[in-house]
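Novice: A single structure is presented below for examination.
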Amino acid sequence: MKWHLVDLHVHTALSPCAGADMDPHGVVTAALEVGLDAIAITDHNSALNCEAVMCQAEPFDLIVWPGLEVETSEEVHVLCIFSSLEQAKDMSQQIGDTLLRRRSMARVLGEQLIYDCTNRVVGEEDNMLSTASGYSLEQVVDMTRALGGVSIPAHIERESFGLLGVLGFVPEGLGVTALEVSGGRNTDALRRMHAIGESIALVTSSDAHHRSEVGRQKTGVYCQRLDLESFRKACRGDDGHRLALVGVREGRN
Ligand SMILES: [Zn+2]
Ligand SMILES: [Zn+2]
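Basically the working numbering = 1-based index in the sequence shown + 15.
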């Protein structure tokens, strides 16, 4: 077994708030430069650029998990990550069906660029991606699980769109794989303050919107062969699998 570095929260230029430097080729180049073993592509409410990033990563030793960062009806952000493109597309379709269509004025919010496998822009997403979907947190978690994916509430301690910031607590029995914390946090203090039991794994990731941000925070996964199942095992601490947060203060110091 060995350590693998994963960044589970990376946007592309499909997200209206992401930089134009986040084209699929640029994302893959940035991930390779910082030595990541895997990234998850998690644009707001859409998995439309996952395939293009997977294509760019194919010649390289980089795993790309397709996913999306869903905004629930409570305005909580949840990373929904899958092992297959079909699963991610299925989730993306279900979420997309509940989104508002963009009016022309919405363009001021930012472009939502769709890329093909040759890194060319082939269109723009018409749904408004920076908005709440029609599904509740519980529904999003259930839908992700039904499709075989993992769900991870994102940047939980942030005031806006974070699970703790919005709801103030982690609902009991919420069947998520892990919780994502942002940088600069003492994880022990966070667990104590919000009564987060040791049975729920904490991960960290970059929430990269620009190339220079890819991998600025990441999670180490100790396993034999890196895949989504071994990540799940590491979250549970099964069979010697384990996690380490890289770029976030752990423990009391
Ligand atoms: Zn977010
Ligand atoms: Zn994000």
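Every residue gets a Cβ at the ideal spot worked out from N, C-alpha and C, and that includes glycine.
1. Where does F184 land, buried or exposed, given buried means 16+ other C-beta within 10 angstroms?
2. Where DSSP assigns a beta bridge to S166, which residues make up the other side?
3. Give me the residue from H26, E86, A67, V229 with the minimum Cα distance to A45.
4. Along the chain, where does the alpha helix (DSSP H) containing A46 start, and where does it finish?
5. Using only the heavy atoms of ligand 1, determine whether one of them is closer than 7 angstroms to the beta carbon of H170.
6. Please go through the same chain and pick out, in chain order, the residues whose beta-carbon is closer than 7 angstroms to the beta-carbon of Q12, but skip the five residues on each side of it.
7. For my contact list, L144 and N60 are in at a C-beta cut-off of 8 angstroms; report their separation, rounded to the angstrom.
8. Could you check if G41 is buried or exposed, using at least 16 other CB atoms within 10 Å of its CB as the buried criterion?
9. Does DSSP put R267 in a helix, a strand or coil?
10. Along the chain, where does the alpha helix (DSSP H) containing G138 start, and where does it finish?
11. Apart from the five residues on each side of it in sequence, which residues of its chain come closer than 7 angstroms, Cβ to Cβ, to L258?
12. Mark R117 as exposed unless 16 or more other C-beta atoms lie within 10 angstroms of its C-beta, in which case mark it buried.
13. Since A216 sits in a beta bridge, which residues does DSSP pair it with?
14. Since T146 and L115 should fall inside the 8 angstroms C-beta cutoff, what is the C-beta to C-beta distance between them, to a whole number of angstroms?
15. Closer than 5 angstroms from C-beta to any heavy atom of ligand 2: which residues, in chain order?
16. When you compare the CB positions of R226 and S197, do they come within less than 8 angstroms of one another, or not?
17. Below 8 angstroms on the Cβ atoms is my guess for G190 versus R160; work out the distance and round it to an integer in Å.
18. I need the straight-line Cα distance from Q127 to D58, nearest angstrom please.
19. Flag E244 as yes if its beta-carbon sits less than 8 angstroms from any beta-carbon of chain D, otherwise no.
20. Near G266, what residues of its chain come up, given a Cβ to Cβ distance below 8 angstroms and the 5 sequence neighbours on each side ignored?
21. By Cβ distance, which residues of its chain are closer than 7 angstroms to I78, with the 5 residues on each side in sequence left out?
22. Have a look at N268 and I171 and give me their C-alpha separation to the nearest angstrom.
23. Counting only the same chain and skipping the five closest in sequence on each side, list residues whose C-beta sits under 7 angstroms from that of E139.
24. Measuring only from the beta carbon, is H224 closer than 7 angstroms to any heavy atom that is part of ligand 1?
25. Ignoring anything shorter than 4 residues, give me the alpha helix (DSSP H) runs that lie fully in the region 51 to 79, in order along the chain.
26. Per DSSP, what kind of secondary structure is T159 in: helix, strand or coil?
27. Among F246, H209, Q71, which one has its Cα closest to the Cα of I135?
Specialist: Based on what the coordinates show:
1. exposed
2. C95
3. V229
4. 39 to 48
5. yes
6. The requested residue 12 is not part of the displayed model; the chain covers only 16 to 268.
7. 5 angstroms
8. buried
9. Confidence is the limiting factor: at R267 the pLDDT is only 39, short of 50, which leaves the residue's position unreliable and the question unanswerable from this model.
10. Note, G138: premise wrong, no alpha helix (DSSP H); beta strand (DSSP E) at 136 to 139.
11. A216, V218, T234, G235, V236, A249, C250
12. buried
13. A193
14. 6 angstroms
15. E84, D222
16. no
17. 6 angstroms
18. 10 angstroms
19. The displayed structure is made up of one protein chain only, and chain D is not part of it.
20. Bear in mind that the predicted position of G266 carries a pLDDT of just 45, short of 50, making it too unreliable to give a figure here.
21. D52, A53, L241
22. Residue confidence is low: N268 scores 33 on pLDDT, short of 50, so the model does not pin down where it sits. No coordinate-derived value is stated.
23. E126, Q127, L128, I129
24. no
25. 65 to 72
26. helix
27. It is Arg, not Ile, that sits at residue 135 in the sequence shown. That would be Q71, whose Cα lies nearest to the Cα of R135.
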